[in-house]
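Chemist: Numbering follows full-length UniProt numbering, with no gaps: position 71 of the sequence shown is 71.
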Amino acid sequence: MPSNIMEHQTLTFGVELEMAITYWPHADQPLPSPTSSSTFSPTSIQKLRFDPTDADHASYESANRIKPGQRRNNYGKVATINCKKAIMERLAQAGLPVGTKIKDETAPGDYSVWEVVEDVSIGKPRTKNPYKWFQIEMRSPAYMFNPKNIAAVEKVCNLMKKTFLVDTSNDCGLHVHVGREERGFDDQHIRNLYSWVWAFEPQMTSICGQHRFNSIYCFSTRERSRYAQKYLQKYGCRPSPITGVLHFQEDEDLDWTAYQAGEYKENQLKYNAVNVKGLVEGARGTRGAKPTIEWRQHEGTIDAERVTIWVETVVGIVNFVCHAPKQDLLSLLSMAANEHWEKLGDGKDKKRERKMGAIIAESSFKATDLFAWMGLTKSADFYRDDTYIVDKFYTTEPYKQWITWDYEKDTTMSKDERESLHVRRGLFDCLRKMKLDESSDIKGESSSPSKSSESSGGEFEESSGNGHSSDDGDDSGDDVDAERKAEEKRISQVEREARLAAKREAKHKEAEEEAESQTEDDEDPEDATA
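1) Just checking, does the segment 143-150 make contact with the segment 66-85 on the three C-beta pairs under 8 Å criterion?
2) Give the straight-line distance between the Cα atoms of residue 447 and residue 249, rounded to the nearest whole angstrom.
3) Is it buried or exposed for residue 89, if we count other Cβ within 10 angstroms and need 16 for buried?
4) Expressed to the nearest angstrom, what Euclidean distance is found between the alpha-carbon atoms of residue 113 and residue 177?
5) So, are the CB atoms of residue 217 and residue 126 less than 8 Å apart?
6) Identify which residue in 62, 351, 357 and 221 has its Cα closest to the Cα of residue 247.
7) Let me check understanding here. Comparing Cα to Cα, which of 17, 229, 280 and 196 lies closest to residue 324?
8) How many Å lie between residue 33 and residue 132 at the Cα?
9) Using DSSP with H/G/I as helix, E/B as strand and the rest coil, what is residue 131?
10) Tell me the rounded alpha-carbon separation between residue 138 and residue 61.
11) For the beta strand (DSSP E) that contains residue 295, what are its first and last residues?
12) Is residue 342 helix, strand or coil by DSSP?
13) State the start and end residues of the unbroken alpha helix (DSSP H) segment that holds residue 182.
14) Are the beta-carbon atoms of residue 194 and residue 261 separated by less than 8 Å?
15) Where residue 3 and residue 328 are concerned, what is the direct C-alpha to C-alpha distance, given to the nearest angstrom?
16) Across which residues does DSSP place residue 275 in a beta bridge pair?
17) Tell me whether residue 225 sits in a helix, a strand or coil according to DSSP, three-state version.
18) Give the DSSP-derived three-state secondary structure of residue 370 in the structure shown.
19) Answer with yes or no whether the minimum CB distance from residue 298 to chain B is below 8 Å.
20) Please name the residue in 343, 80 and 375 whose C-alpha comes closest to that of residue 205.
21) Between the Cα of residue 279 and those of 414, 187, 78 and 230, spot the shortest distance and give me the residue it belongs to.
22) Using DSSP's beta-bridge definition, name the partner residues of residue 166.
23) Does residue 13 come out as helix, strand or coil in the three-state DSSP assignment?
24) Exposed or buried, residue 192, counting other C-beta atoms within 10 Å across all chains shown (16 or more means buried)?
25) In the DSSP assignment, find the alpha helix (DSSP H) that holds residue 353 and state where it starts and stops.
26) Contact between the segment 149-168 and the segment 277-292: three or more CB pairs below 8 Å?
27) Using the beta-carbon count (16 or more within 10 Å), is residue 167 buried or exposed?
28) Once DSSP output is grouped into helix, strand and coil, what is the label at residue 440?
29) Checking 8 Å against the spacing of the C-beta atoms, do residue 341 and residue 354 come in under that value?
30) Leaving out five residues on either side along the sequence, give the residues of the same chain with a beta carbon under 8 Å from the beta carbon of residue 366.
31) Report, in whole angstroms, the separation of the C-beta atoms of residue 117 and residue 103, which I expect to be a contact under 8 Å.
32) Sort 319, 281, 358 and 321 by Cα distance to residue 338 and report the nearest one.
33) Per DSSP, residue 139 is paired with what?
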């Protein structure tokens, strides 16, 4: 599906740029020499002083009913206001729409202008330096997705880099909101979205980096969602990739899908890596809700190219899950069945990789392959040399990978019996994949769950060639033969896939057992002593 930027004019986007801005808090002292900080060396034109005047202090004291005499304690707060003003003035000089009010982070937003607020979640840069830092978040207007507005975001990034000394190394994120104007997103769009997010989380993680994976501000759907955690409680293991895809396709409506995707322990949506909190609140009639999909997993940056490519990428993903032909979407989602192992963070991932090869997101179907498949060629080209190998680490014992079937635990079973059950297991997995591939077995264009069974039957009859009139009755035998042959061909294909799946499963199980055995040998103190 081509990803021409002009094809997305019905979608909107907004960006939130988090950053730490450098300032020198000593009005009576010269700026540090460049040798005082090897990392932060400002240019001669970058603004580093935001010293409050008496008038600034008086205005702040009046607005906040503070008695004079506490100016030393309020220096940072007043200087932060000056920083916000300086940014707003610079954007206005460049001809960009800018708000006129100084706001705090919790104030209602004006989505027609750029706004600058303080964000206390932003940490100081990790490197030692003599400066102080403002914790700043910049919010764009709700832009229509088109080249002109992408260029506006690029312009802001370049202005900030040129005018201020900015750091985005610690706890900063790049958040992108994607909307669909007044029409919004229906239930099926959100089912498609979270099926996609579940299926391709490893690929997205590979372009966002280690420190953004499953962080407290953008947690993993596979790791911490209510669905994943409730599945763990019931079965003692994690859902397989294709199981998760099918689960989200079968959810009832937006509210239930969001509930399942939300963080389990905190029961909230705000910090999902892909967040639909605004959509849920909008559906409930909450005043001021943002009816958008928020993508939170990208690390903070004001690099214009990285920001705009990420915007184009997530808008392209939303466009695909909402507007792609159904069979294209289902064909893509069914690739989750090809993911035969995933990293667990249990200390055995390296051994699994040596035995089974790299995970699919780092080998045969990388993020670049995913984007190319979807027609996002610009994103595929950009991220081709800009991906990460992400490892999982746990401070507690992680849960097991996927369900272990009863026959896999039976040590008395013969090799032939085990192989026979492997084939049946493979057949079962192939049938589950066919369930996703068949549009007759999945919710259709209607977002109403109650219509799914009715619509699926109608679609199957249409696709089975039952549109002939009664005048064609003489050819009914040919139709039956054709259908029988097609069914035989399909069964044959399923059997072949089942055998291949069984072989892969056997290889996977053998590698798992060998890795566990090796770990036990490594950890056995008697063996070590011997």
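Glycine included, every Cβ here is placed at the ideal spot set by N, Cα and C. Every value quoted in this text rests on a predicted model; they were computed, and no experiment measured them.
Modeler: Quick answer:
1) The answer is no - the segment 66-85 does not touch the segment 143-150, with fewer than three Cβ pairs under 8 Å.
2) Low local confidence applies: a pLDDT of 38 at residue 447 is under 50, so the model's placement there is unreliable, and no value is given.
3) Under a 10 Å Cβ-count criterion, residue 89 is classified as exposed, with fewer than 16 other Cβ atoms of the shown protein chains found around its own Cβ.
4) About 15 Å.
5) No; because the gap between Cβ atoms is not below 8 Å, this pair is not in contact.
6) Cα-wise, what sits closest to residue 247 is 221.
7) Nearest C-alpha to residue 324: 196.
8) Looking at the two C-alpha atoms, the distance is approximately 15 Å.
9) Reduced to three states, the DSSP call for residue 131 is coil.
10) In a straight line, the C-alpha of residue 138 is about 25 Å away from that of residue 61.
11) From DSSP, the beta strand (DSSP E) with residue 295 extends over 293-299.
12) Coil.
13) It is not in any alpha helix (DSSP H) - residue 182 carries neither H nor E in the DSSP assignment.
14) Their beta carbons are under 8 Å apart, which means residue 194 touches residue 261 by this criterion.
15) The pLDDT assigned to residue 3 is 42, lower than 50, so where the model puts this residue is not dependable, and the model offers no usable value.
16) Here residue 275 is bridged, per DSSP, to 294.
17) Three-state result, residue 225: strand.
18) If DSSP states are grouped into helix, strand and coil, residue 370 belongs with the helices.
19) Among the protein chains of the structure shown there is no chain B, as only one such chain exists.
20) For the options 343, 80 and 375, the alpha carbon positioned closest to that of residue 205 is the one of 343.
21) Comparing Cα-Cα distances from residue 279 to each of 414, 187, 78 and 230, the minimum goes to 187.
22) Answer is 21, bridged to residue 166.
23) DSSP, reduced to helix, strand and coil, places residue 13 within a strand of the structure shown.
24) A buried status is given to residue 192, since no fewer than 16 other beta-carbon atoms sit within 10 Å of its beta-carbon.
25) For residue 353, the enclosing alpha helix (DSSP H) has its first and last residue at 349-356.
26) Flag = no, the segment 149-168 and the segment 277-292 do not touch.
27) When all chains shown are included, residue 167 counts as buried.
28) Confidence in residue 440 is poor, its pLDDT being 35 and thus under 50, which makes the residue's placement unreliable; the coordinate value appears in the next sentence. Residue 440 falls in the helix class under three-state DSSP.
29) It is not a contact, given that the beta carbons lie outside the stated cut-off.
30) So the qualifying residues of the chain are 203, 206 and 387.
31) The Cβ separation is near 5 Å, so the contact holds.
32) Residue nearest to residue 338 within the set 319, 281, 358 and 321 is 358 (criterion: CA-CA distance).
33) According to DSSP, residue 139 bridges with 16 and 115.
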